[in-house]
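>
In this note's numbering, the protein residues as written are 121 to 399.
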C-alpha cells in the first residue's frame, strides 16, 4: 500500500491507496510542521488517528509533503517520527511547494503558488523548483493568505473602514475583545493561525462589495509584487493551491486575466491529484 500525506501547521490530510490505484481510505490528523512541534507532539498528532495506524504494517511507501521541511534538522525530525510509526515503509519527504507543483503542473513548467493560512510561490521547471523569492513568514510575506486577509479585516474593523453593517456582524461573530486580540497576537504561539481564523468571514459575507474589493486588492498585491519577480511569469501558466485561492477563484481569475497572464490549475488541496503523479 502507498500512503500520501499533505501536512500543514494546523491539519494533515492522508490518502491510502494500493498499487492498482484503488482507494483504501482517507484520513485526517492534526498539523505536522516539524519547525513548530517537537518529536513527541508530532508522533502524538499522528497516533491519535488509530484508523490510520491500523494499516501501518501494510504500508510499503510513504510520500509525505509538508511545510517546515526546508532545513536538515526538521527533515531528520519528521523522518524519524514517520520511520518509528511506519517501520515497514520507505519514507519520502518533500516540501508542500513540491506537492502543489506536482498536483497542478505535473511535469510541465509553471509558477506555483500556495494560498492557505500562509502563502508562498516558486518557479517549477517540470521536475524541481528552480527559483523562489524565499519565504520570510507572515510578518514580511504571506500576501493574499488567510492570515493576511484576517489582518486586513481586523485593521479595517478598528479603523472603521469596514461598512458599519459588517462591523456589527464582525464584532458579534468573533466577540471582538481588544485585550484578547493583543494577547493572542503578542503573547500566544502561532499568531498567524489566529489571524487566519477571521478569513472565513469573507465567505459568509461574500456578496458585499467591500469583501470583493478586499479580495481583488489582496490578489493584485500578490501578483504584482510577488509573482512579477519571476522572469517567466508572463510566459508560463500560474497554478494555485489552497483554500483561499480555491474558494475565491473568481476574483483571482479576474486579476490574472486583467494582467494578461496565463491561467493554470486551481485546486483546494493536492492529495488526490498526487495519486496520478505517483502511481
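No residue lacks a Cβ here, since even glycine has one placed at the ideal position from N, Cα and C.
If you're wondering where the values come from, they're calculated on a predicted model, not measured in any experiment.
Rounded to whole angstroms, what is the Cα-Cα separation between residue 395 and residue 265?
In the chain shown, the residue the question calls residue 395 occupies position 275. In the chain shown, the residue the question calls residue 265 occupies position 145. CA-to-CA, the gap between residue 395 and residue 265 works out to about 26 Å.
> For residue 448 versus residue 212, is the C-beta distance shorter than 8 Å?
It is not possible to answer for residue 448, since the shown part of the chain is limited to 121 through 399.
> Between 286, 368, 217, which lies nearest to residue 251 when the distance is taken from Cα to Cα?
Looking up residue 251 in the chain shown gives position 131. Selected option, being the one with the closest Cα: 217.
> Work out the CA separation of residue 219 and residue 309 for me, nearest whole Å.
As a first step, residue 309 is located in the chain shown; it is residue number 189 there, counting from the start. As a first step, residue 219 is located in the chain shown; it is residue number 99 there, counting from the start. When rounded, the distance between both Cα atoms is 26 Å.
> Between the Cα of residue 146 and those of 175, 157, 235, 128, spot the shortest distance and give me the residue it belongs to.
Within the chain shown, residue 146 is the residue found at index 26, counting from 1. The shortest Cα separation from residue 146 among 175, 157, 235, 128 belongs to 175.
> Pop quiz: residue 196 and residue 121 are said to be a contact at Cβ under 8 Å. What is the actual Cβ separation, rounded to whole angstroms?
Here residue 196 refers to the residue found at position 76 of the chain shown. Here residue 121 refers to the residue found at position 1 of the chain shown. That pair is no contact at about 25 Å.
> For the alpha helix (DSSP H) that residue 310 lies in, which residues bound it at each end?
Translated into positions along the chain shown, residue 310 becomes position 190. According to the DSSP assignment, residue 310 belongs to no alpha helix (DSSP H), since it is labelled neither H nor E.
> From what residue to what residue does the alpha helix (DSSP H) around residue 266 run?
As a position in the chain shown, residue 266 is number 146, starting the count at 1. 266-278 is the span of the alpha helix (DSSP H), which, as asked, contains residue 266.
> Buried or exposed, going by whether 16 or more other CB atoms sit within 10 Å of the CB of residue 398?
Taking the chain shown and counting its residues from 1, one reaches residue 398 at position 278. Classification for residue 398: exposed.
> Going by C-alpha to C-alpha distance, which of 207, 281, 386 sits closest to residue 369?
Taking the first residue of the chain shown as 1, we reach residue 369 at position 249. Measuring from the Cα of residue 369, the nearest candidate turns out to be 386.
> Using only CA atoms, which one of 269, 199, 157 lies nearest to residue 333?
Numbered from 1 along the chain shown, position 213 holds the residue referred to as residue 333. Just measuring C-alpha positions, the residue of 269, 199, 157 sitting nearest residue 333 is 269.
> By the three-class DSSP mapping on this structure, what secondary structure does residue 353 have?
Within the chain shown, numbered from 1, the residue matching residue 353 stands at position 233. In the structure shown, residue 353 sits in coil (DSSP, three-state: anything other than H, G, I, E or B).
> Grouping DSSP H, G and I as helix and E and B as strand, with all else coil, what is residue 383?
Numbered from 1 along the chain shown, position 263 holds the residue referred to as residue 383. Residue 383: strand per DSSP, three-state reduction.
> Could you check the C-alpha separation between residue 150 and residue 329 for me, to the nearest Å?
Along the chain shown, read from residue 1 onward, the residue named residue 150 stands at position 30. Along the chain shown, read from residue 1 onward, the residue named residue 329 stands at position 209. Approximately 35 Å between the Cα atoms of the pair.
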